[in-house]
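Protein chains in written order, with my numbering: chain U, 225 to 395; chain S, 135 to 376; chain R, 411 to 742. Even glycine gets a Cβ: it sits at the ideal position worked out from N, Cα and C.
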Amino acid sequence: MRATTWIPADLRALVSAASAVAYGRVVAVDVQLAETSRAVERRVVVRVSDYYKGQLGGEVLLRVPGGTLGGYRTVVVGAPEFREGEEVVLFLRGETAGPASLVGLAQGVVRVRVDPQSGLRRVWPPASAAMADTQGRVLRGQGPRRVMALEAFAAEVRQIVERRERPGRPR
Amino acid sequence: MKRRLAGALLAAWWAASPMPSSAQAPPTTTAGQPAVTAAESVPARPPRYELALGPAWLGGYDLGARSAQLTGNLGQPGLVLFETDTEMAGGFGLDAKLGYRLTPTLRLEAGLAYSRPELRTSVSDDAEGADALVAVDPVSQYVVEGALLAYVPRWQVGNGVPYALAGAGYLRQVASEGAAVDSGGVYHAGGGMAWERAGAASWLDAWGLRADVRVNLRTGGIDIEDATRVWPSLSARFYVAF
Amino acid sequence: MSARGLAAALVVAVTASAGVSAYLKFGAEVASGTVPLKWAQLPVRYFVTDRGAPGAGATDLDAALTRAFRSWQDVDRATITFERGGFTGSLPFEPDGVTVIGFLSRPDLERTLGATAYTYDTRSGALVEADIFLNSEFPWSVATGGEAGRFDLESVALHEIGHLTGLGHSALGETELRPGGGRRVIAAEAVLFPIAFSPGSIAGRILRPDDIAGVSDIYPESRFRSETGSISGRVLKSGRGVFGAHLVAFNLRTGDLVGGYTLSEDGGFTLAGLEPGPHVVRVEPLDDGDVESFFDEAERVDLDFAATFADRTVVVQAGRNAGDLTIRVDPR
Chain U
225 MRATTWIPAD LRALVSAASA VAYGRVVAVD VQLAETSRAV ERRVVVRVSD YYKGQLGGEV
285 LLRVPGGTLG GYRTVVVGAP EFREGEEVVL FLRGETAGPA SLVGLAQGVV RVRVDPQSGL
345 RRVWPPASAA MADTQGRVLR GQGPRRVMAL EAFAAEVRQI VERRERPGRP R
Chain S
135 MKRRLAGALL AAWWAASPMP SSAQAPPTTT AGQPAVTAAE SVPARPPRYE LALGPAWLGG
195 YDLGARSAQL TGNLGQPGLV LFETDTEMAG GFGLDAKLGY RLTPTLRLEA GLAYSRPELR
255 TSVSDDAEGA DALVAVDPVS QYVVEGALLA YVPRWQVGNG VPYALAGAGY LRQVASEGAA
315 VDSGGVYHAG GGMAWERAGA ASWLDAWGLR ADVRVNLRTG GIDIEDATRV WPSLSARFYV
375 AF
Chain R
411 MSARGLAAAL VVAVTASAGV SAYLKFGAEV ASGTVPLKWA QLPVRYFVTD RGAPGAGATD
471 LDAALTRAFR SWQDVDRATI TFERGGFTGS LPFEPDGVTV IGFLSRPDLE RTLGATAYTY
531 DTRSGALVEA DIFLNSEFPW SVATGGEAGR FDLESVALHE IGHLTGLGHS ALGETELRPG
591 GGRRVIAAEA VLFPIAFSPG SIAGRILRPD DIAGVSDIYP ESRFRSETGS ISGRVLKSGR
651 GVFGAHLVAF NLRTGDLVGG YTLSEDGGFT LAGLEPGPHV VRVEPLDDGD VESFFDEAER
711 VDLDFAATFA DRTVVVQAGR NAGDLTIRVD PR
């Protein structure tokens, strides 16, 4: 569950705000007190398989608020949850050295669903122009299936990156 | 208003009704045999009670339209998620009455009317393209009512004698497969025609057929507003008098 | 406990506590089972961080919070109450056993206006504290009529306090893409909709029927169950239950919209806290990209169906459940 008030980003805004977009697997989740604020936070290590934008190295360290310490659990209902072994696409802000942060907190996480039989990897992507009607409204239950193959999602992200890097180039 | 209506009906009846008993003598045919009329020659034991049963048709009535509205963002008028238009659709029912003949031309009756109208809501114009449809909930409707019937023999047409009626009752509606029960009041007024024949058995003084049309008025009951609803109805009842 | 267990715990708790629920109610799994996340002791005592932000000083924040808390406390059929403890130098999200609300500078959370965090005892499930942070990186307003270009502090506070009571998000809202990128709200009919109205809007200061039904469900006053009714049923696709569908009950008499979700694998739902009267029920998928705003285990949520209306008008009566409504949806 989420308990935030947020300003939503569409896919273009997420790509624009991110210094890196990475696809990888969660390999470790640890809980500790933050150094400065003493708030409970999780340190999430993601082993990156591919970058769609930027480059932060083979492993990315994320700091995510919330976790269990001692006999108490802190849930920052707004922060994403991570499970060891799951595959994710992350929209990140950070430098190569040091922990990275997620763009828009939970908005910066796209879960990769792996079909257990076929192995096909699919995502439900953030809102994009493909989801909107001619008036720009994002409608539920409308239009073509919104689930995308991971490869198609990666291609779309790369396309957005390319357009931003070459703004004068026709689509 | 109800008192005035009742008073007007009573006055009309009084003005139109003949003097009791003597005017009930049936006209004779050219053969000198009495014709069959609604008011027979005085039988050995005048019938006092009536038992009537028959079908009824109830007209429907509109309940109103509503928009499912979301509060708009700054500078926006708000979003209508979908539109609705609701009615209580008419249908057929059954009517059972027990009557008492106060005078040859005045009846008092009470009984039960059962019908199964449908609460129908047309849903349309969904903002996200959901298919329009008509959502339906059958309503079991019971009315326990009483009425005063006033016959007007001087306006007899052939074998049929017209009458006026007015009454009121208690309404009970059961909807959503018994999950919701609501009640109200029903008032009605109208007129009809009765055809009667002498009975063939010792216990049966007479039998006949009555058909009438009514205007009904409802307060309370299942609704989307606190409003009074009006609808027509037709009924036909076979009756026995004893 | 690992993050996996935590996520599972929250979803399991929601499912288990969905017996009569108009909402997602926060819950947690402890050794003895699942417990709802709610305040056992009332009033809820809170402190205000003695720190301001652009457009709103600490006293402005204090006043806005007072108004927002009162809105929730004034809900007729809910027993939740609050008590202001005063100003504090503590910051929100510090594990100090005290409920603190205040501004924090979080430039890394550039799309988060505010957030709520719970801390509870994993042995008993007792709620220890619930902090709210409001991001001072944004321009805020406490003007009575709102202020162009600034987010209304009272509106965001009202939303976050709704979470503090134990309420999850409502999906009663529609969005559109902005020409320059991003999304904005077209319209919403719940303060607990996760996306804020635009800067300058004060429409989020008023609790809607959906919010009122939710908080009354968690902290019911004695009249709540006797004066409102509910609708139960299932959403089915190809004969199988649909998990995570969003439902809306529209009261034809009052115009109220109250939302809910299917919270079990058999597609079962209950929409509670409904005012008496005839209702139209609508179901839709949460496929506009915000599934994780409502469900931790988003992969369980079925998104492949079109918005559909129930083919039966449902008359709700006070104190009763109009059960057994089946809504069949088709794959897209």
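Please determine if the stretch 581–595 of chain R and the stretch 630–641 of chain R are in contact, where contact requires at least 3 C-beta pairs separated by less than 8 Å.
Not touching, per the Cβ criterion.
Using a 10 Å radius around the Cβ and a threshold of 16 neighbouring Cβ atoms, would you call residue 162 of chain S buried or exposed?
In the second sequence, residue 162 of chain S corresponds to position 28, counting from 1. Only weak support is given to the placement of residue 162 of chain S: the predicted model assigns it a pLDDT of 36, under 50, and the question is left unresolved by the model.
Comparing the CB of residue 201 of chain S with every heavy atom of the ligand GDP, is any distance shorter than 7 Å?
For the ligand GDP, the structure offers nothing, since it holds no ligand at all.
If you check the beta carbons only, do residue 393 of chain S and residue 274 of chain S fall under 8 Å apart?
Since the displayed chain S opens at 135 and closes at 376, residue 393 of chain S lies outside it and no answer follows.
Can you name the residues of chain S whose CB is closer than 9 Å to the CB of residue 366 of chain U?
Locating residue 366 of chain U in the first sequence gives position 142, counting from the first residue. Those within 9 Å of residue 366 of chain U in chain S are 262, 263.
For residue 214 of chain S and residue 349 of chain U, I'd like the C-alpha separation in whole angstroms.
Residue mapping note: residue 214 of chain S aligns to position 80 of the second sequence, counting from 1. Residue mapping note: residue 349 of chain U aligns to position 125 of the first sequence, counting from 1. Approximately 27 Å between the Cα atoms of the pair.
Since I believe residue 351 of chain S is in contact with residue 322 of chain S (beta carbons under 8 Å), could you give me their beta-carbon distance rounded to a whole number of angstroms?
Position 188 of the second sequence, counting from 1, holds the residue named residue 322 of chain S. Position 217 of the second sequence, counting from 1, holds the residue named residue 351 of chain S. Yes, they are in contact, since the Cβ atoms of residue 322 of chain S and residue 351 of chain S sit about 7 Å apart, within 8 Å.
Along the stretch 688–703 of chain R, what residues have a CB closer than 7 Å to any CB found in chain S?
Residues passing the 7 Å Cβ filter: 688, 690, 692, 694.
Rounded to whole angstroms, how far is the Cβ of residue 679 of chain R from the Cβ of residue 711 of chain R, which I believe are closer than 8 Å?
For the purposes of this step, residue 679 of chain R is taken as residue 269 along the third sequence, with counting starting at 1. For the purposes of this step, residue 711 of chain R is taken as residue 301 along the third sequence, with counting starting at 1. Between residue 711 of chain R and residue 679 of chain R the Cβ distance is about 14 Å, and since that is not below 8 Å, they are no contact.
Quickly, what does DSSP pair residue 271 of chain S with across the bridge? List them, please.
If you number the second sequence from 1, residue 271 of chain S lands on position 137. Residue 271 of chain S is bridged to S:253.
Figure out for me which residue from R:444, R:731, R:649, R:557 has the closest Cα to the Cα of residue 536 of chain R.
Counted from its first residue, the third sequence places residue 536 of chain R at position 126. Selected option, being the one with the closest Cα: R:444.
Could you check the C-alpha separation between residue 540 of chain R and residue 508 of chain R for me, to the nearest Å?
Within the third sequence, residue 540 of chain R is the residue found at index 130, counting from 1. Within the third sequence, residue 508 of chain R is the residue found at index 98, counting from 1. Residue 540 of chain R and residue 508 of chain R: Cα-Cα distance of roughly 8 Å.
With three or more beta-carbon pairs closer than 8 Å as the criterion, would you say the stretch 515–525 of chain R touches the stretch 245–255 of chain U?
No: the two stretches stay apart, fewer than three of their Cβ pairs being nearer than 8 Å.
Cβ closer than 9 Å: which chain R residues qualify as neighbours of residue 275 of chain S?
If you number the second sequence from 1, residue 275 of chain S lands on position 141. By Cβ distance, chain R contributes nothing, its closest Cβ being about 13 Å from residue 275 of chain S, past 9 Å.
Do you know offhand how far residue 635 of chain R's Cα is from residue 626 of chain R's?
As a working note, residue 635 of chain R is residue 225 in the third sequence. As a working note, residue 626 of chain R is residue 216 in the third sequence. Straight-line Cα distance between these residues: approximately 9 Å.
Are there 16 or more other CB atoms within 10 angstroms of the CB of residue 385 of chain R, so buried, or fewer, so exposed?
Any answer about residue 385 of chain R is impossible in this case: the structure gives chain R only from 411 up to 742.
Taking the DSSP output, what are the residues bridged to residue 128 of chain S?
A question about residue 128 of chain S goes unanswered here, because the residues of chain S that appear run from 135 up to 376.
Please classify residue 331 of chain U: does DSSP put it in a helix, a strand, or coil?
Residue 331 of chain U sits at position 107 when you count from the first residue of the first sequence. Helix, per DSSP.
Using a beta-carbon distance below 8 Å, is residue 634 of chain R in contact with chain U?
In the third sequence, the residue the question calls residue 634 of chain R occupies position 224. Not closer than 8 Å to any Cβ of chain U, the Cβ of residue 634 of chain R fails to qualify, so no.
Quick check: what's the CA-CA separation for residue 175 of chain U versus residue 354 of chain S?
Absent from the model: residue 175 of chain U. The displayed extent of chain U is 225 to 395, so no value can be given.
What residues of chain R sit near residue 312 of chain U, judged by a beta carbon separation below 9 Å?
Taking the first sequence and counting its residues from 1, one reaches residue 312 of chain U at position 88. Ordered by position in chain R, no residue passes the 9 Å Cβ test against residue 312 of chain U, which lies about 11 Å from the chain.
Tell me the DSSP secondary structure of residue 311 of chain S in three-state form.
Taking the second sequence and counting its residues from 1, one reaches residue 311 of chain S at position 177. The answer is helix: DSSP assigns residue 311 of chain S an H, G or I state.
Taking Cβ-Cβ distances shorter than 7 Å, what residues in chain S pair up with residue 667 of chain R?
Here residue 667 of chain R corresponds to residue number 257 of the third sequence, with the count starting at 1. The answer, in chain order, is 202.
Any contact between the stretch 451–470 of chain R and the stretch 481–501 of chain R? By contact I mean 3 or more CB pairs, one from each, below 8 Å.
Output reads yes: the stretch 481–501 of chain R touches the stretch 451–470 of chain R.
Which residues, taken in chain order from the stretch 290–314 of chain S, show a beta carbon closer than 8 Å to some beta carbon of chain C?
The structure shown contains no chain C; its protein chains are U, S and R.
Does the stretch 360–376 of chain S touch the stretch 179–197 of chain S, meaning 3 or more C-beta pairs lie closer than 8 Å?
Contact holds: three or more Cβ-Cβ distances are below 8 Å.
Using DSSP's beta-bridge definition, name the partner residues of residue 528 of chain R.
Taking the third sequence and counting its residues from 1, the one referred to as residue 528 of chain R is at position 118. Beta-bridge pairing links residue 528 of chain R to U:299, R:540.
Hey, is residue 545 of chain R's beta-carbon within less than 8 Å of any beta-carbon in chain S?
Position 135 of the third sequence, counted from the first residue, corresponds to residue 545 of chain R. Taking Cβ atoms only, chain S never reaches closer than 8 Å to residue 545 of chain R, which makes this a no.
Give a yes or no on whether the minimum CB-CB distance between residue 251 of chain S and chain R is below 8 Å.
Taking the second sequence and counting its residues from 1, the one referred to as residue 251 of chain S is at position 117. No - not a single Cβ of chain R is within 8 Å of the one on residue 251 of chain S.
How many Å lie between residue 329 of chain U and residue 298 of chain U at the Cα?
Here residue 329 of chain U is taken as the residue at index 105 of the first sequence, counted from 1. Here residue 298 of chain U is taken as the residue at index 74 of the first sequence, counted from 1. Each residue's alpha carbon lies about 16 Å from the other.
Please confirm if residue 205 of chain S has its CB atom under 8 Å from at least one CB of chain R.
Here the question's residue 205 of chain S lines up with position 71 in the second sequence. Closer than 8 Å: yes.
Would you call the CB atoms of residue 654 of chain R and residue 602 of chain R closer than 8 Å?
Mapped onto the third sequence, residue 654 of chain R falls at position 244. Mapped onto the third sequence, residue 602 of chain R falls at position 192. In this structure, residue 602 of chain R does not lie closer than 8 Å to residue 654 of chain R by Cβ.
Please list, in chain order, the chain R residues whose beta carbon lies closer than 9 Å to that of residue 355 of chain S.
Locating residue 355 of chain S in the second sequence gives position 221, counting from the first residue. Correct list: empty, because the minimum Cβ distance to chain R is about 11 Å.
Taking the C-alpha atoms as reference points, what is the distance between residue 437 of chain R and residue 309 of chain S?
Numbered from 1 along the third sequence, position 27 holds the residue referred to as residue 437 of chain R. Numbered from 1 along the second sequence, position 175 holds the residue referred to as residue 309 of chain S. Whole-angstrom Cα-Cα distance: 35 Å.
8 Å is my cut-off, CB to CB: does residue 684 of chain R come that close to chain S?
Locating residue 684 of chain R in the third sequence gives position 274, counting from the first residue. Chain S contact via Cβ: absent.
Contact criterion: CB-CB distance below 8 Å. Does residue 580 of chain R meet it with respect to chain S?
Here residue 580 of chain R is taken as the residue at index 170 of the third sequence, counted from 1. Judged by the 8 Å Cβ criterion, residue 580 of chain R is not in contact with chain S.
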